[in-house]
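Working notes, beginning with the structure itself.
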Amino acid sequence: MRFATDTGGTFTDLVVEEDDGRISMYKASTVPGDPVQGVLAALTLAATDRGLDLATLLDRGDTFIHGTTHAINAIITGRTARAALLVTEGHRDILTLREGGRIEPFNHSVPYPKPFVPRALTFEVPERLIHDGSVHQPLDEAALASIIDRLRAEKVEAVAVCLLWSTINPAHELRVGAALAAGLPGVPVSLSHQVNPSLREFRRASSTAIDAALKPLMGRYLGGLEARMREAGFKGKVMVLTSSGGMMPAAEVAANPIRIINSGPSMAPIAGQHYADLEGNGDSVIVADTGGTTYDISLVRGGRVPMTRELWIGQPTRGHLVGYPSVEVKSVGAGGGSIARVDAGGLLHVGPESAGAVPGPVCYGRGGTRPTVTDASLALGFLDPDFFLGGAMKLDLAGARAAIERDVAIPLGISVEEAAWSIIHLSTENMVQAIADITVAQGIDPAKSVLIGGGGAAGLNSTFIARRLGCERLIIPETGAALSAAGAMMSEVTGEFAASLFTSTARFDFDKVNAALADLTAQCAAFAARSGDPSRPAEPVIMAEARYENQVWDIDVALPLLRFVGQEDVEHFRRTFDAAHRQIFTIDDPSSAVEIVGLRATMRCQVRPFRDFRLDAGAATAGQDRRRSAWFKETGWVDTAIYRLEAMEADRVMAGPCIIESAFTTIVVDPAATAQRSAAGSILIHPAGRA
Numbered sequence: 001m002r003f004a005t006d007t008g009g010t011f012t013d014l015v016v017e018e019d020d021g022r023i024s025m026y027k028a029s030t031v032p033g034d035p036v037q038g039v040l041a042a043l044t045l046a047a048t049d050r051g052l053d054l055a056t057l058l059d060r061g062d063t064f065i066h067g068t069t070h071a072i073n074a075i076i077t078g079r080t081a082r083a084a085l086l087v088t089e090g091h092r093d094i095l096t097l098r099e100g101g102r103i104e105p106f107n108h109s110v111p112y113p114k115p116f117v118p119r120a121l122t123f124e125v126p127e128r129l130i131h132d133g134s135v136h137q138p139l140d141e142a143a144l145a146s147i148i149d150r151l152r153a154e155k156v157e158a159v160a161v162c163l164l165w166s167t168i169n170p171a172h173e174l175r176v177g178a179a180l181a182a183g184l185p186g187v188p189v190s191l192s193h194q195v196n197p198s199l200r201e202f203r204r205a206s207s208t209a210i211d212a213a214l215k216p217l218m219g220r221y222l223g224g225l226e227a228r229m230r231e232a233g234f235k236g237k238v239m240v241l242t243s244s245g246g247m248m249p250a251a252e253v254a255a256n257p258i259r260i261i262n263s264g265p266s267m268a269p270i271a272g273q274h275y276a277d278l279e280g281n282g283d284s285v286i287v288a289d290t291g292g293t294t295y296d297i298s299l300v301r302g303g304r305v306p307m308t309r310e311l312w313i314g315q316p317t318r319g320h321l322v323g324y325p326s327v328e329v330k331s332v333g334a335g336g337g338s339i340a341r342v343d344a345g346g347l348l349h350v351g352p353e354s355a356g357a358v359p360g361p362v363c364y365g366r367g368g369t370r371p372t373v374t375d376a377s378l379a380l381g382f383l384d385p386d387f388f389l390g391g392a393m394k395l396d397l398a399g400a401r402a403a404i405e406r407d408v409a410i411p412l413g414i415s416v417e418e419a420a421w422s423i424i425h426l427s428t429e430n431m432v433q434a435i436a437d438i439t440v441a442q443g444i445d446p447a448k449s450v451l452i453g454g455g456g457a458a459g460l461n462s463t464f465i466a467r468r469l470g471c472e473r474l475i476i477p478e479t480g481a482a483l484s485a486a487g488a489m490m491s492e493v494t495g496e497f498a499a500s501l502f503t504s505t506a507r508f509d510f511d512k513v514n515a516a517l518a519d520l521t522a523q524c525a526a527f528a529a530r531s532g533d534p535s536r537p538a539e540p541v542i543m544a545e546a547r548y549e550n551q552v553w554d555i556d557v558a559l560p561l562l563r564f565v566g567q568e569d570v571e572h573f574r575r576t577f578d579a580a581h582r583q584i585f586t587i588d589d590p591s592s593a594v595e596i597v598g599l600r601a602t603m604r605c606q607v608r609p610f611r612d613f614r615l616d617a618g619a620a621t622a623g624q625d626r627r628r629s630a631w632f633k634e635t636g637w638v639d640t641a642i643y644r645l646e647a648m649e650a651d652r653v654m655a656g657p658c659i660i661e662s663a664f665t666t667i668v669v670d671p672a673a674t675a676q677r678s679a680a681g682s683i684l685i686h687p688a689g690r691a
């Protein structure tokens, strides 16, 4: 038995996989002050469902997979450790000077954020290597000892070290790391050549500083998670989801917390790709995961989940650059808990402020007073107040309507229903714009893509979103309400390794490149030996960070071979790079040499056999269809058919308006659309109706 959890801003999702492959889902309220409590509450629901106590259920499990936003939340709220940064003498302002770039080139009124590590805690180490790794200035051991004394006096809780050209020759960084370990026992240290071996100094320094500042917090959090799981009766492996769409043992993640900045959201495209493939729509896929607080958007192109090294915490160029490979996800402040308000000028706003888990929407009855998207959905009859979370939570319809009337309807001079519809409509427009930003920017026509709706609140307006984008088909998987947790169950154990080097197709250094490739493949093989299943062999994927000569930015290109033998292999790589550059930028430049500035290897090891990932229907029976009134802009209040998702027959086409419910989600199909359940269990919606 395996467990996968995803801790969101409002709910903690749990997916349980039985030994025979059957899966079941559960949701419990997230406890912001103690996220592990929400995880244990969801596991308790699973135990009760099986007539077991929690200890007995956990004793049957062999793997627990955890996705968390704890790391990124700590950075956003400033709860990271007091960290210091050690740099090469003369380069104290790496984090202050940053990289160039502005969202609005001529708007200088918005300041850059303060350096992640303040200048007062940035110290210069007398030493210098040059570009080929040779020593220009030896490391000054006496000066280093003095710096360590100052760090001790400053009572720093973590130390990041980023020295020039350490990616080519790490000798000085390793010596500084050893001195810090001896002089500051118990204080975690992050070395840049190990954290993020990139040639770009700001990116390397930024990611190393973030990694160091997270180590004490994430060490305590993950250690506490594992300890509490053991106390509750779990004896298996504890794994944590990474930003790159895989998972790693909790102990390894605690030592490299930079890997889990985007932990939970990275899993949605993994699950989205799986379900799109099942329905024959896997080429161009938009995966949208709607939570209570955020709307997370990712893409699948040509059957591949795009990765990025441009992961920012906050706005691009205005936030802190993580600089570590991550599944490309765009998040906006829009979800079921997004708060609606009317400003002094009479304009309606929805989000980005969210009611979160505490106090939550007004209808939760937990002290919330401001109307949200969930309250609007309840007021329009989309949600059943007696069947939320399968009846586990009763919703306050009167309270939701009163809040909408007070804060939106009266200020705008419209009815409660029109106000609620306006909230849903504006939330839809915010989500449509976010999808347009990420698709059009990459040359993707959303009208030619399939939309995957995930998250507990996805069904409330995904039909409207798909119609606005022009998508012909919307897919809401049967596990869509816990899409990230489902993706976690499908994920693989992943190891990531990197090497910095420089060579050009005009003067290709065969020895240097082949030595780096041999070292990377050896690291991948060692990782697979300790982490993978010998019965399911895996091959490493090697990516080259390459660019045209004199180009500023590089792109990732898959290497077609693991060893370069002669000039023909170099030309093969060159043609591969030209094709990749042409696909991204529509042009290539055959007259320019191609430079390789780094290599990255990824090893993905399967941990479960491939089999159907189907939800256990449990005691669902036919004959549970019923009706209630729902309000749509085109019709007003209209008698609407209500179907239970678990009891729907495959391929039966249902015309809108109708509402499809389960214990975890509600799917609204408006009058213009049609819906059916596929043989794979997903709900297929045609926004323009099905001919």
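Every letter in the sequence shown is one number past the one before it in the numbering used here, and letter 109, counting from 1, is 109.
Think of the CB as a built atom: it goes at the ideal place given N, C-alpha and C, for glycine as much as any other residue.
Are residue i and residue j closer than 9 Å when you measure CB to CB?
{"i": "Pro446", "j": "Ala458", "result": "no"}
{"i": "Ala145", "j": "Gly183", "result": "yes"}
{"i": "Gly709", "j": "Ala355", "result": "What the structure shows of the chain is the stretch from 1 to 691, and residue 709 is not part of that stretch, so it cannot be assessed."}
{"i": "Val416", "j": "Leu348", "result": "no"}
{"i": "Pro361", "j": "Thr372", "result": "yes"}
{"i": "Thr88", "j": "Glu124", "result": "yes"}
{"i": "Ala4", "j": "Ala485", "result": "yes"}
{"i": "Gly566", "j": "Gly264", "result": "no"}
{"i": "Leu209", "j": "Ala160", "result": "Reading the sequence as shown, one finds Ala at residue 209 and not Leu. Cβ distance < 9 Å, so Ala209 and Ala160 count as in contact."}
{"i": "Phe664", "j": "Gly453", "result": "no"}
{"i": "Met239", "j": "Met229", "result": "no"}
{"i": "Ala672", "j": "Ala647", "result": "no"}
{"i": "Val305", "j": "Leu311", "result": "no"}
{"i": "Ala334", "j": "Val350", "result": "yes"}
{"i": "Asp616", "j": "Arg22", "result": "yes"}
{"i": "Gly336", "j": "Pro411", "result": "no"}
{"i": "Ser629", "j": "Ala650", "result": "no"}
{"i": "Ser500", "j": "Ala593", "result": "no"}
{"i": "Asp41", "j": "Thr12", "result": "It is worth fixing the name first, because residue 41 is Ala in this sequence and not Asp. Yes, the pair counts as a contact, with Cβ atoms nearer than the cut-off."}
Determine the DSSP secondary structure at residue i, reduced to helix, strand or coil.
{"i": "Gln137", "result": "strand"}
{"i": "Ser206", "result": "helix"}
{"i": "Arg341", "result": "strand"}
{"i": "Glu99", "result": "coil"}
{"i": "Ala179", "result": "helix"}
{"i": "Glu124", "result": "strand"}
{"i": "Thr479", "result": "coil"}
{"i": "Lys330", "result": "strand"}
{"i": "Gly67", "result": "strand"}
{"i": "Glu545", "result": "strand"}
{"i": "Gly693", "result": "Residue 693 is absent from the model: the chain starts at 1 and stops at 691."}
{"i": "Pro352", "result": "strand"}
{"i": "Ala648", "result": "Position check: residue 648 holds Met in this sequence, whereas Ala was assumed. Met648: coil per DSSP, three-state reduction."}
{"i": "Val322", "result": "coil"}
{"i": "Phe464", "result": "helix"}
{"i": "Ser491", "result": "coil"}
{"i": "Thr48", "result": "helix"}
{"i": "Ile148", "result": "helix"}
{"i": "Lys114", "result": "coil"}
{"i": "Ser155", "result": "The displayed chain sequence assigns Lys, not Ser, to residue 155. Of the three classes helix, strand and coil, the one that applies to Lys155 here is coil, per DSSP."}
Looking only at C-alpha atoms, which of the options sits nearest to residue i?
{"i": "Ala268", "options": "Leu559, Ile23, Ala481, Ser629", "result": "Ala481"}
{"i": "Leu699", "options": "Ala46, Ala515, Asp49", "result": "This structure does not reach residue 699, given that the chain is present from 1 up to 691, and the question cannot be answered."}
{"i": "Trp631", "options": "Ile260, Asp211, Gly656", "result": "Gly656"}
{"i": "Pro138", "options": "Ile147, Pro126, Asp149", "result": "Pro126"}
{"i": "Phe234", "options": "Ala506, Thr439, Thr44", "result": "Thr44"}
{"i": "Ala83", "options": "Glu157, Phe387, Glu649", "result": "Glu157"}
{"i": "Val552", "options": "Glu595, Thr242, Leu14", "result": "Glu595"}
Counting Cβ pairs, one atom from each stretch, are 3 or more of them under 8 Å apart for the segment 536 to 551 and the segment 598 to 608? The segment 536 to 551 vs the segment 598 to 608: in contact.
Do the segment 131 to 142 and the segment 167 to 174 touch if we need at least three Cβ pairs shorter than 8 Å? Segments in contact, yes.
List, from N- to C-terminal side, the alpha helix (DSSP H) runs of 4 residues or more that fit wholly inside the segment 567 to 631. For secondary structure counted as the alpha helix (DSSP H) over 4 or more consecutive residues, the segment 567 to 631 holds these complete runs in sequence order: 567 to 585.
Segments assigned beta strand (DSSP E), at least 3 residues, entirely inside the segment 202 to 281: Whole beta strand (DSSP E) segments, 3+ residues: 237 to 241, 247 to 249.
Any chance you could list the alpha helix (DSSP H) runs of at least 4 consecutive residues sitting entirely within the segment 389 to 458, in chain order? Runs found: 397 to 404, 416 to 440.
Would you call the segment 279 to 294 in contact with the segment 318 to 327, where contact means no fewer than 3 C-beta pairs closer than 8 Å? No: fewer than three Cβ pairs fall under 8 Å.
Given 8 Å as the limit, is there contact between the segment 241 to 260 and the segment 425 to 433, that is, 3 or more CB pairs closer than that? Touching, no.
Are the segment 216 to 231 and the segment 78 to 88 in contact at 8 Å, needing three or more beta carbon pairs? A contact exists between the segment 216 to 231 and the segment 78 to 88.
Do three or more CB pairs link the segment 32 to 39 to the segment 48 to 61 at distances below 8 Å? Contact between the segment 32 to 39 and the segment 48 to 61 is absent, because fewer than three Cβ pairs lie under 8 Å.
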